[in-house]
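Residues 7 to 424 (the working numbering) make up the sequence shown, in order.
Beta carbons: idealized from backbone N, C-alpha and C, even for Gly.
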Amino acid sequence: MLRKADGLRCGPYVAGCPGDRDAIFCRRSDQGWLQHESDRAGCSGGPANSLGALEIWRDDVNAKGGLLGRPVALVYYDDQSNPATVPGIYAKLLSVDKADLLVGPYSTNMTAAAMPAIMQQKKLTISLLAIGVNDKFKYPNYFAMVPVGPEGIKAFSRGYFELAAAQNPKPKSVAIIAADSEFARTSADGARDNAKALGFDIIYDKTYPPATTDFAPVIRAVQAANADVVFVAAYPLDTVGIVRAVREIGLTPKMFGGTMVGLLVTPIKVQLGPLMNGIVIMESFVPAPTFDFPGVKDLFKTYGEKAKGQQVDPFGYGFTPFAYAAGQVLATAVTETKSLDNEVLANYIHGHTFNTVAGEISFNEAGDWAKPRTVFTQFQDVQPGNLDQFSDTTKQPILWPKEYQTGAIIYPYSEARK
């Protein structure tokens with residue numbers, strides 16, 4: 007018999023019902039399609055974009071006959087952006103639903119909370135955009151779909167400070183501001199290490215409370231420090247407040263930017279428009295000619311059609327390729343090994359390179375990408391109220407690394423703001 011699950015038909019084998027064994031059930035916990043404005047960390051839209059990408063992957067796989075001759079069914083649970091909900095979700099996935107394959111969770115906090123349950127059942131998982139989780143667990147069946155590679159937190163800022171160090175004359179002093187929460191603190195830790203390694207003098211280094219809404223005092227304090235380079239680690243809503251405060255107060259360091267997650271999100275880009283000019287940020291994926299990996303254009307076309315009328319990022323560049331690539335890695339491993347044994351699949355993934363929509367990927371012993379692929383871009387000549395200008399990198403060229411570079415930095419920051 008077949009039962010209905012979240013609007014998708016799924017095989018009873020994976021639902022825990024005896025009898026037919028005619029479907030593979032890939033399940034993931036997720037933060038859901040829509041983000042509440044109060045969810046400062048989640049309103050990047052990453053979970054929604056990732057879910058959309060996995061649905062496209064499912065449809066593509068099933069159009070080709072599924073995996074091992076069985077259709078793939080995708081079901082997700084809402085973890086409410088709360089790590090406390092995750093152990094219960096995974097207990098249900100693994101013990102009650104008996105899911106064959108796992109993708110996720112999304113984000114570092116949720117993934118860390120899921121690991122004990124995953125490890126107890128000896129399951130394989132490919133997390134989405136989680137950083138450094140396996141440094142603690144050292145679990146051989148864990149893989150991270152995030153392009154920071156073995157550098158971990160340092161990848162969030164190495165390119166930023168290398169760009170700064172390449173300017174002539176080289177700037178000398180650095181200010182670091184970050185939200186007092188895990189991702190932002192972690193990003194600031196990496197920035198501190200990179201800045202010191204390149205000989206910069208850190209003269210200001212502060213966090214702000216996560217509930218901050220008025221960023222004028224924060225930016226005035228940075229202005230008073232008068233640092234040459236300012237590095238910001240901020241969540242989406244914080245990013246909007248910080249960018250507006252910078253313009254209102256007139257902060258003009260020689261270089262400004264960092265890991266400002268909100269500037270990965272197309273609707274926020276449209277909202278801020280020219281206020282972003284001159285800002286240098288880390289990106290995970292951009293629609294540049296140097297990122298034209300096989301299949302990615304078709305993915306973005308399908309995603310764009312799916313996104314119409316939905317409250318999601320209309321382009322999905324920053325998150326979509328990684329979720330789809332996670333599915334590709336799993337599908338390749340299952341097809342080549344002709345197995346659903348999670349340890350067999352993990353051994354295969356460790357030993358092979360995968361050609362995906364996110365580029366060529368291989369994994370190291372810790373399950374991280376063997377080679378990092380983060381890039382740093384700069385907003386240049388952004389116009390107000392124009393969505394289409396963000397469909398390519400004309401207004402946001404890649405500055406670093408050289409192998410993916412599509413443009414040159416406008417320096418100092420004040421020149422790009424003119």
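Minimum C-alpha distance to A79 - residue among D103, I95 and K98: D103
Tell me the DSSP secondary structure of N361 in three-state form. Here N361 sits in strand by DSSP.
What residue from R250, F369 and A69 has the CA that sits closest to T219's CA? Sorting R250, F369 and A69 by C-alpha distance to the C-alpha of T219 places R250 at the top.
Residue from Q402, P300, P418 and V228 with nearest C-alpha to Y214: V228
Run through the region 178-253 for me and flag every whole beta strand (DSSP E) of 3 or more residues, listed as ranges in chain order. Fully enclosed beta strand (DSSP E) runs of 3 or longer: 179-185, 207-214 and 235-240.
What does DSSP give as the partner residues of Q384 in its beta bridges? V286
Is the beta carbon of A352 sitting closer than 8 Å to the one on P156? no
Should A3 go down as buried or exposed, given a rule of 16 or more other Cβ atoms within 10 Å for buried? This structure does not reach residue 3, given that the chain is present from 7 up to 424, and the question cannot be answered.
Closest by CA to G58, which one among N348, E311 and R379? E311
Please list the segments of the alpha helix (DSSP H) lying wholly inside the region 149-173, counting only runs of 4 or more residues, in order along the chain. 164-171
Taking only three categories from DSSP, how would you classify D84? strand
Residues in the same chain with beta-carbon distance under 7 Å from R164, minus the five sequence neighbours each way, listed in chain order, please. E157 and N200
Is Y112 near the ligand GDP, judged by its Cβ being under 7 Å from some heavy atom? Summarising the ligand content, the structure contains no ligands, and the ligand GDP is consequently not present.
Tell me, please, which residues DSSP counts as bridged to L270. According to DSSP, which records beta bridges pairwise, L270 is partnered with nothing at all.
Tell me W406's beta-bridge partners as DSSP assigns them. F382
Quick check: the Cα distance between D195 and K160, rounded to an integer number of angstroms? 8 Å
Taking T131 as part of the beta strand (DSSP E), name the residues at either end of that continuous run. T131 to L134
Nearest to Y419 by CA position, among Y148, L278, P320 and V236, is which residue? V236
If you run the structure through DSSP and keep just helix, strand and coil, what is I367? strand
Per DSSP, which residues does R64 bridge with? Please list them. The partner list for R64 (beta bridge, DSSP) is empty, contrary to what the question assumes.
Just to confirm, is the Cβ distance from T245 to M266 under 8 Å? Yes, they are a contact pair.
Taking all protein chains shown into account, decide if E409 is buried (16 or more other Cβ within 10 angstroms of its Cβ) or exposed. exposed
I'd like the list of long-range same chain contacts for Q395, defined as Cβ closer than 8 Å, with 5 residues on each side in sequence excluded. Cβ-Cβ distances below 8 Å link Q395 to V388, Q389 and K401 in the same chain, with the five nearest sequence neighbours on each side left out; the list follows chain order.
Is F328 helix, strand or coil by DSSP? In the three-state reduction of the DSSP assignment, F328 falls in the helix class, which pools H, G and I.
Among the residues of its own chain, which have a CB less than 7 Å from the CB of I255, if the five just before and after it don't count? A222, I225, R226 and Q229
Taking the Cβ atom as the reference point for each residue, do D207 and R198 lie within a distance shorter than 8 Å? At a Cβ-Cβ threshold of 8 Å, D207 and R198 do not count as neighbours.
Would K129 be called buried (16 or more neighbouring beta carbons within 10 Å of its own) or exposed? That one is buried.
Does DSSP classify F321 as helix, strand or coil? Here F321 carries a coil assignment [DSSP, helix/strand/coil].
Between R64 and the rest of its own chain, which residues show a CB-CB distance below 6 Å, the 5 nearest in sequence each way excluded? V78 and L80
Rounded separation between A136 and V152 - CA only: 7 Å
Using 8 Å for Cβ pairs, my map puts F149 next to M125. What's the rounded Cβ distance? 14 Å between Cβ atoms; not a contact.
From the DSSP output, read off the bridge partner residues of F506. For residue 506 there is no data in the structure shown, the boundaries of the chain being 7 and 424.
Using CA coordinates, which residue listed in L278, E349, G205 and L134 is at the minimum distance from K178? Looking at the Cα atoms, G205 is the closest of the given residues.
Give me whichever residues DSSP pairs with R76 in a beta bridge. L73
Limits of the unbroken alpha helix (DSSP H) element including G94: V92 to A97
Inter-residue Cα distance where the pair is G413 and A69: Straight-line Cα distance between these residues: approximately 39 Å.
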